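**Student:**
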Amino acid sequence: MATIKDVADAAGVSFKTVSRVVNGEKSVGPELRERVEQAIRDLGYKPTLAARQLAGQRSFIIGLIVPRLGISYIARMMIALATATRQAGYHLMTEVLDHDENHLSLSGKVDFSARPDCVMLTPPFSNDPRLVAHFEADGIAVVRIATVIEGHGLPIHVDEEPITVELMRHLIALGHRRIGLIGPPLPVRASEMRVSGYRKAMEEAGLPIDPDLMLRGDFSFASGVNGATAMLALPDRPTAIFATGDEMAAGVLAQAHKLGYRVPDDLAVAGFDDSPVSRMVFPALTTVYQPVQDIAQAAVDAAVHGRLPTAPFAYELRIRGSTSGDRQHCLDPYRF
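Heads up: the sequence shown at position 44 corresponds to 43 in numbering that gives the first Met the number 0, and the numbers run straight through without jumps.
1) List, from N- to C-terminal side, the alpha helix (DSSP H) runs of 4 residues or more that fit wholly inside the region 178 to 224.
2) Under three-state DSSP, which class holds residue 0?
3) Can you tell me whether DSSP reads residue 322 as helix, strand or coil?
4) Could you give the DSSP three-state label for residue 327: helix, strand or coil?
5) Alpha carbon to alpha carbon, what distance is there between residue 220 and residue 228?
6) Measure the C-alpha to C-alpha separation of residue 118 and residue 134 and round it to an integer number of angstroms.
7) Return the first residue and the last residue of the beta strand (DSSP E) that residue 95 is part of.
8) What would DSSP say about residue 40, mapped onto helix, strand or coil?
9) Looking at the strands, I want to know which residues DSSP matches up with residue 241.
10) Using DSSP bridges, identify the partner residues of residue 344.
11) Quick one: is residue 322 buried, meaning 16 or more other Cβ sit within 10 Å of its Cβ, or exposed?
12) For the beta strand (DSSP E) that residue 315 lies in, which residues bound it at each end?
13) Is it true that the region 307 to 325 meets the region 275 to 293, where meeting means three or more beta-carbon pairs spaced less than 8 Å apart?
14) Assess contact between the region 175 to 194 and the region 123 to 132, defined as three or more Cβ pairs (one per stretch) separated by less than 8 Å. Is contact present?
15) Output needed for residue 215: all residues of its chain with C-beta closer than 6 Å, excluding positions within five of it in sequence on either side, in chain order.
16) How is residue 28 classed by DSSP in three states: helix, strand or coil?
17) Tell me the DSSP secondary structure of residue 104 in three-state form.
So this is what it looks like as structure tokens:
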């Protein structure tokens, strides 16, 4: 296998010149660049991360901090970010941080084995000002995915309110007037837009907002079960429940079945994310497709090139049997 030294010898240049060509440095003239690129093609050279780092200014490593949560969104985001980072010629280094740890001292908790060029933060960490300040003090660039706070770094904003309003209009058009909500755990998150979308659609339709029908979950299956149990025990129970995450919606669906309710005849159920579980339950779950790949690509573009997206991300409503009554399994290929 050819090395950077082999390419340098074939092109008659130093290995640092080869590294500058590989890294796209503009300081190399066109004639010299062509000679190096021809040697790379002739030898079939594939630069390693170490070879690219020889230019000295960048590590070509992007750090990623994610919470230790079992929800599908985090796993899908990690895969999408890894793919987009690799396509950009960078290496993704991931650190998993417990959210409880984040509320203690950060000393020793965020310790990448190599200094990254940039760190990407996913929720809930993208909205934690202490963690953002930690990287600012360390002089490390930051990209904050789905953030709602100001501060250091580049923000990747998402707007989930309009698609939530569309989902709620779907439920209201079906005749539902008492619609329960199982919201995200913390108001200081981009996912709180799902709550504001719920409120906006209810007010738009002239429907009262009952505090007994607005609960908080933690995006887990268990919190969906608990939320459904509480709401369905009310004297005036809801006829539909919107859970702001698919895992919670799956818990609502399971508990409804356990208690003998027919879905959607007795209780309609809707979620958010279009995660794999939304297709595995029966009836298949009405939900919102979240463009994880597009969000991930925008985050990597911001980390590598400093560019922010110029258009809003495209969310889509997926109407399935849990609200429509369709009795078919969802066998469509999964759109990541």
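Quick reminder that beta carbons are idealized off the backbone N, C-alpha and C, glycines included. Source: prediction; values computed, not measured.
**Tutor:** Answer, in terms of the structure:
1) 191 to 203
2) Walking along the sequence shown from the start, residue 0 turns up at place 1. It is coil, neither helix nor strand.
3) Mapped onto the sequence shown, residue 322 falls at position 323. Looking at residue 322 - three-state DSSP - the assignment turns out to be helix.
4) By one-based count along the sequence shown, residue 327 stands at place 328. Residue 327: coil per DSSP, three-state reduction.
5) As a working mapping, residue 228 is identified with position 229 in the sequence shown. As a working mapping, residue 220 is identified with position 221 in the sequence shown. The straight-line gap from Cα to Cα measures roughly 12 Å.
6) Start at 1 with the first residue of the sequence shown, and residue 118 comes out as number 119. Start at 1 with the first residue of the sequence shown, and residue 134 comes out as number 135. Computed Cα separation, rounded: 8 Å.
7) Counting from 1 along the sequence shown, the entry for residue 95 is found at position 96. First-last of the beta strand (DSSP E) with residue 95: 90 to 96.
8) Indexing the sequence shown from 1 puts residue 40 at position 41. Looking at residue 40 - three-state DSSP - the assignment turns out to be helix.
9) As a working mapping, residue 241 is identified with position 242 in the sequence shown. According to DSSP, residue 241 bridges with 180 and 269.
10) Because the chain is modelled from 0 through 335, residue 344 falls outside the range shown and cannot be assessed.
11) As a working mapping, residue 322 is identified with position 323 in the sequence shown. With 16 or more Cβ atoms within 10 Å of its Cβ, residue 322 is classed as buried.
12) Position 316 of the sequence shown, counted from the first residue, corresponds to residue 315. Looking at the DSSP string, the run of the beta strand (DSSP E) that includes residue 315 is 315 to 317.
13) yes
14) yes
15) Translated into positions along the sequence shown, residue 215 becomes position 216. Counting only Cβ-Cβ distances below 6 Å, and skipping sequence neighbours, we find 182 and 184.
16) Position 29 of the sequence shown, counting from 1, holds the residue named residue 28. Here residue 28 sits in coil by DSSP.
17) Stepping through the sequence shown from its first residue, residue 104 is reached at position 105. With a pLDDT of 47 at residue 104, under the threshold of 50, the predicted position of this residue should be treated as unreliable, and no value is reported.
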